[in-house]
């Protein structure tokens, strides 16, 4: 009897140890994720300005966002515009950079480090650097434009027409040579040599090899970077908060700026929670659509 | 006839080799040219900021601007420590980074060990839950967390930036260490178990030395993300004395200036804030790159 029960006891013991080891995460998940997650959902249906206790408000926060708050639509459109500019340019830029660094030249690790350095710069520092670089009168960019091309450059971050593109450029500088590029580089190194040789025998040129061999083979990496990139770009915040404070004339008033100002400036905790949930839903839909669409264009060499 | 064609063949082979060599040289030349040009463009903001940081406060606004300072004022890099509580911010940031790092590395290892070496009911589902928290945007939980810290008087302290890191350290790090643990053969644990070692001793003496690369990767990622964090400090800190460097820099930028411009100091502060990250990167480059690639591909 005793002998028969022993293995069972061992497995119970193992299970207890297992639960003990993962218990920090379980406790943390409850306190710092699950409870706030539920609370945020409930708050989005409440009026809560901290000074007075929360009051049930039904769908009024959502109605306010969709029908009364013109800044909501403005910031959402602006953020989508930002995503549409920054994600494709970021992915194409990182892929081209990876192709460049994949060439067999001496010192390509040095160049890799060089392109990586901007991504190590803390975003606040990077933004201040660029703000100075883009200074309307004495910035490097406008100085060079004037000296060599005799163009008097715009005010960049202080010009409503140029502020958004400027922020795209700053974010590209700080991301194009980073993790995304390294993932592409690893994917490129995984493309079998034979495919290129076969393409050469068929008479393919450099561009054809890139387009018909390289790109299809790295579609999984493109897909991964696309999903991560869209989620990240929708949350764009620090560059505009530090660089332009959402201006000029709300030209860089991104969704997250709207959310944070509702929370920290006006203490509209209920409304800010509703804004967070709207963004969450948008991201879920985007991610779902991408996963669905990926079946048509992502090629897994292993075969699925 | 045969001799003729053989010579022809040799000639054309030599020609083909030469064109191939020229092609290669051309290709390398273009690559070098592109790398150097792009490298210069990528580095330009650093150079510009560095030389600006060394200029005289009024020279920096001279028109047309010059690249090099007329007098190299290294003292600017000292002045930032006097003009604003830069030292305080550095201490705060280091406290947050180091204490968070300890919490994240140690608890993520424990949790990853639990998920990879023990069988218990619901293990797969719980791990899926860990992974799914990576998909949850931080905006969703931010406001309730703010209210929670407010209720327990943690606002304006560094606790909200440190304490949550002692609970598994975040899904990404658990995932990273677990992936690595899966590659460590179990034979070693079994051998230690037979020798009578408890599970914690096996972790400490057998497994930890083997997963050093993963732990280093987590260390670097953790340090950098905490060093960089802006939204957290923005929500949880109000008193300039309690600021971290990211938040302090933005505060410094917003300070009204009377008389003397402070652009040169802002540049000096930005550069100073970046240097620790660069140093860390240079010492750990190999693990860093490896970490990004493995996690990026396996996900």
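Chains as they are written, first to last, in our numbering: chain A, 23 to 326; chain B, 3 to 301. Note that CB positions come from ideal geometry on N, CA and C, so glycine has one too.
Residue 47 of chain B beta carbon less than 8 Å from that of residue 15 of chain A: Look at the range of chain A in this structure, 23 to 326, and you will see that residue 15 of chain A is not part of it.
Whether residue 233 of chain B touches residue 95 of chain B by CB criterion (8 Å): As a first step, residue 233 of chain B is located in the second chain; it is residue number 231 there, counting from the start. As a first step, residue 95 of chain B is located in the second chain; it is residue number 93 there, counting from the start. No, they are not a contact pair.
Whole-angstrom C-beta distance between residue 58 of chain A and residue 147 of chain B, which should lie under 8 Å: Here residue 147 of chain B refers to the residue found at position 145 of the second chain. Here residue 58 of chain A refers to the residue found at position 36 of the first chain. In this structure, residue 147 of chain B and residue 58 of chain A form a Cβ contact; the two beta carbons are roughly 5 Å apart against a cut-off of 8 Å.
Among B/90, B/65, B/190, nearest to residue 159 of chain A - alpha-carbon criterion: As a working mapping, residue 159 of chain A is identified with position 137 in the first chain. Closest option to residue 159 of chain A, Cα to Cα, is B/65.
Proximity test, Cβ basis, 8 Å: residue 241 of chain A and chain B: The residue labelled residue 241 of chain A in the question sits at position 219 within the first chain. No, because no Cβ of chain B sits closer than 8 Å to the Cβ of residue 241 of chain A.
Amino acids of chain A, ordered along the chain, whose beta-carbon sits closer than 7 Å to that of residue 37 of chain B: Numbered from its first residue, the second chain carries residue 37 of chain B at position 35. For residue 37 of chain B, the residues of chain A that pass the 7 Å Cβ criterion are 122, 133, in the order they occur in the chain.
Proximity of residue 54 of chain A and residue 166 of chain B at Cβ, strictly below 8 Å: Position 32 of the first chain, counted from the start, is the residue given in the question as residue 54 of chain A. Position 164 of the second chain, counted from the start, is the residue given in the question as residue 166 of chain B. Note that the C-beta distance between residue 54 of chain A and residue 166 of chain B is below 8 Å.
8 Å Cβ cutoff, residue 106 of chain A in contact with chain B: As a first step, residue 106 of chain A is located in the first chain; it is residue number 84 there, counting from the start. It does not; no Cβ of chain B falls within 8 Å.
DSSP state of residue 68 of chain B mapped onto helix, strand, coil: Position 66 of the second chain, counted from the start, is the residue given in the question as residue 68 of chain B. DSSP places residue 68 of chain B in coil when its eight states are reduced to three.
Residue 226 of chain B (DSSP reduced to helix, strand or coil): Here residue 226 of chain B corresponds to residue number 224 of the second chain, with the count starting at 1. Here DSSP, grouped into helix, strand and coil, assigns residue 226 of chain B to helix.
4 or more residues per run - each alpha helix (DSSP H) lying fully within the stretch 178 to 262 of chain A: Fully enclosed alpha helix (DSSP H) runs of 4 or longer: 185 to 195, 201 to 211, 215 to 223, 228 to 231, 241 to 256.
Chain B contacts made by the stretch 221 to 251 of chain A, where a contact means CB separation under 7 Å: 246
Assigned secondary structure, residue 3 of chain B (DSSP; H/G/I helix, E/B strand, else coil): Position 1 of the second chain, counted from the start, is the residue given in the question as residue 3 of chain B. Because the pLDDT at residue 3 of chain B is just 48, under 50, the model does not fix this residue reliably, and the point stays unresolved.
Closer than 8 Å at the beta carbon, the chain A residues around residue 41 of chain B: As a working mapping, residue 41 of chain B is identified with position 39 in the second chain. Chain A residues near residue 41 of chain B: 133, 136, 137.
Neighbourhood of residue 276 of chain A by C-beta, 8 Å cutoff - its chain only, sequence neighbours within 5 removed: Taking the first chain and counting its residues from 1, one reaches residue 276 of chain A at position 254. Result list for residue 276 of chain A: 97, 100, 101, 104, 258, 259, 262, 268, in chain order.
Cβ-Cβ separation, residue 170 of chain B to residue 84 of chain B (assumed contact under 8 Å), whole Å: Taking the second chain and counting its residues from 1, the one referred to as residue 84 of chain B is at position 82. Taking the second chain and counting its residues from 1, the one referred to as residue 170 of chain B is at position 168. Contact doesn't hold; Cβ gap of about 41 Å is too wide.
Proximal residues to residue 92 of chain B (C-beta, below 8 Å), its chain only, five neighbours per side dropped: As a first step, residue 92 of chain B must be located in the second chain, where it is residue number 90. The answer, listed in chain order, is 247.
Alpha-carbon spacing of residue 212 of chain A relative to residue 240 of chain A, whole angstroms: On the first chain, position 190 is the one that residue 212 of chain A refers to. On the first chain, position 218 is the one that residue 240 of chain A refers to. Their Cα atoms are separated by approximately 9 Å.
Same chain, Cβ closer than 8 Å to residue 51 of chain B, neighbours up to 5 away in sequence not counted: For this step, residue 51 of chain B is matched to residue 49 along the second chain. So the qualifying residues of the chain are 269, 272, 273.
Proximal chain A residues relative to residue 79 of chain B, where beta-carbon distance stays under 7 Å: Along the second chain, read from residue 1 onward, the residue named residue 79 of chain B stands at position 77. Those do not exist, as residue 79 of chain B stays about 14 Å from chain A at its closest Cβ, beyond 7 Å.
Three-pair Cβ contact test at 8 Å for the stretch 30 to 49 of chain A versus the stretch 114 to 125 of chain B: yes
Per DSSP, the bridge partner or partners of residue 275 of chain A: Against the first chain, residue 275 of chain A aligns to sequence position 253. The partner list for residue 275 of chain A (beta bridge, DSSP) is empty, contrary to what the question assumes.
Where the alpha helix (DSSP H) through residue 104 of chain B begins and ends: As a working mapping, residue 104 of chain B is identified with position 102 in the second chain. Element bounds for residue 104 of chain B: 88 to 119.
Selection from B/231, B/186, B/142 that minimises the alpha carbon distance to residue 292 of chain A: Looking up residue 292 of chain A in the first chain gives position 270. Answer by Cα proximity: B/142.
Listed by chain order, chain A residues near residue 125 of chain B by CB distance under 8 Å: The sequence position of residue 125 of chain B within the second chain is 123, counting from 1. The answer, in chain order, is 40.
4 or more residues per run - each alpha helix (DSSP H) lying fully within the stretch 167 to 255 of chain B: 173 to 184, 189 to 196, 214 to 230, 233 to 238
Beta-carbon proximity check, residue 293 of chain B vs residue 178 of chain B, cutoff 8 Å: Within the second chain, numbered from 1, the residue matching residue 293 of chain B stands at position 291. Within the second chain, numbered from 1, the residue matching residue 178 of chain B stands at position 176. The criterion of a C-beta distance shorter than 8 Å is satisfied by residue 293 of chain B and residue 178 of chain B.
Chain A within 8 Å of residue 270 of chain B, Cβ atoms only: Locating residue 270 of chain B in the second chain gives position 268, where the first residue counts as 1. Output row for residue 270 of chain B: interface = no.
Residue 226 of chain A versus residue 321 of chain A: straight-line alpha-carbon distance, rounded: As a first step, residue 226 of chain A must be located in the first chain, where it is residue number 204. As a first step, residue 321 of chain A must be located in the first chain, where it is residue number 299. About 21 Å.
Short CB-CB distance (under 8 Å) between residue 210 of chain A and chain B: Start at 1 with the first residue of the first chain, and residue 210 of chain A comes out as number 188. Closer than 8 Å: no.
Reference residue 217 of chain B, options B/105, B/187, B/164, B/256, closest by Cα: Residue 217 of chain B sits at position 215 when you count from the first residue of the second chain. Among B/105, B/187, B/164, B/256, the Cα nearest to that of residue 217 of chain B belongs to B/105.
Bridge-paired residues (DSSP) for residue 68 of chain A: Numbered from 1 along the first chain, position 46 holds the residue referred to as residue 68 of chain A. Looking at the DSSP assignment, residue 68 of chain A forms a beta bridge with A/78.
Residue of B/145, B/27, B/55 minimising C-alpha distance to residue 284 of chain A: Residue mapping note: residue 284 of chain A aligns to position 262 of the first chain, counting from 1. Here the closest residue by C-alpha is B/145.
Contacts that residue 127 of chain A makes with chain B (C-beta to C-beta distance below 7 Å): Here the question's residue 127 of chain A lines up with position 105 in the first chain. In chain order: 30, 33, 34.
Selection of the stretch 262 to 290 of chain A by Cβ proximity to chain B, strictly under 8 Å: 263, 264, 278, 281, 282, 285, 286
Where the alpha helix (DSSP H) through residue 140 of chain A begins and ends: Counting from one through the first chain, the residue named residue 140 of chain A turns up at place 118. Counting along the chain, the unbroken alpha helix (DSSP H) around residue 140 of chain A starts and ends at 130 to 142.
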